[in-house]
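In the UniProt record's numbering, the protein residues as written are 1 to 170.
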């Protein structure tokens with residue numbers, strides 16, 4: 001069942017993400033799914049992700065954890081710090097939608113990247129509701145953060161891999 005899990009999560013995201021944000025881009029794999037907006041390239045440096053990570057990285061887990069949230073994965077650490085700082089500056093606006101489980105800080109397993117995400121310890125990924133629960137929570141992050149990420153990007157730096165279609169154009 002896990003082979004199809006993240007494809008099913010993608011369908012939940014595609015059907016539940018706010019339409020006013022545009023078409024979400026999806027890349028599902030056996031261990032997770034990446035969601036971004038704009039450029040068709042899966043190399044989007046700022047994206048939303050749900051992924052299985054090992055207990056060697058999340059030591060509170062017995063076997064594995066599921067991380068769900070936002071990632072900034074620019075090659076330069078300063079760009080990742082800036083992306084997170086811009087969202088933290090608007091935290092009073094997005095935090096109510098995500099709650100206290102959303103952690104802001106260094107990426108799990110790579111300290112030059114940044115994240116706003118939560119971890120589910122030792123989840124039952126074979127549960128029939130797993131895809132729905134993961135997809136809905138990923139959409140919570142998209143709904144809470146994407147408008148603020150776009151505002152911060154528009155105000156502070158050129159949009160890389162995040163272009164949005166202009167109404168009335170193709």
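All C-beta atoms, glycine included, are put in the ideal place defined by N, C-alpha and C. Here the structure is a predicted model, which is why all the values come from computation and not from measurement.
Nearest candidate by alpha-carbon position, reference residue 140, set 52, 66, 98 = 98
message = Please identify the residue among 3, 149, 134, 136 whose C-alpha is closest to the C-alpha of residue 115.
response = 149
query = Would you call residue 34 buried or exposed, if buried means 16 or more other Cβ atoms sit within 10 Å of its Cβ?
reply = buried
Nearest-angstrom beta carbon gap, residue 52 and residue 135 [assumed within contact, 8 Å] = Going by Cβ atoms, the distance from residue 135 to residue 52 rounds to 15 Å, so no, they are not a contact pair.
query = Across which residues does DSSP place residue 112 in a beta bridge pair?
reply = The partner list for residue 112 (beta bridge, DSSP) is empty, contrary to what the question assumes.
message = Using C-beta distances below 7 Å, list every residue in its chain close to residue 60, excluding the 5 sequence neighbours before and after it, in chain order.
response = 121
message = Between 65, 78, 10, 56, which has its C-alpha nearest residue 112's C-alpha?
response = 78
Residues that residue 119 bridges to, as DSSP identifies them = 67
query = Which term fits residue 64, buried or exposed, when burial requires 16 or more other beta carbons within 10 angstroms of its beta carbon?
reply = buried
task = Give the secondary structure of residue 35 by DSSP, where H, G and I count as helix, E and B as strand, and everything else as coil.
result = strand
query = Which partner residues of residue 87 appear in the DSSP bridge assignment?
reply = DSSP, once it has assigned bridges, lists no residue as partnering residue 87.
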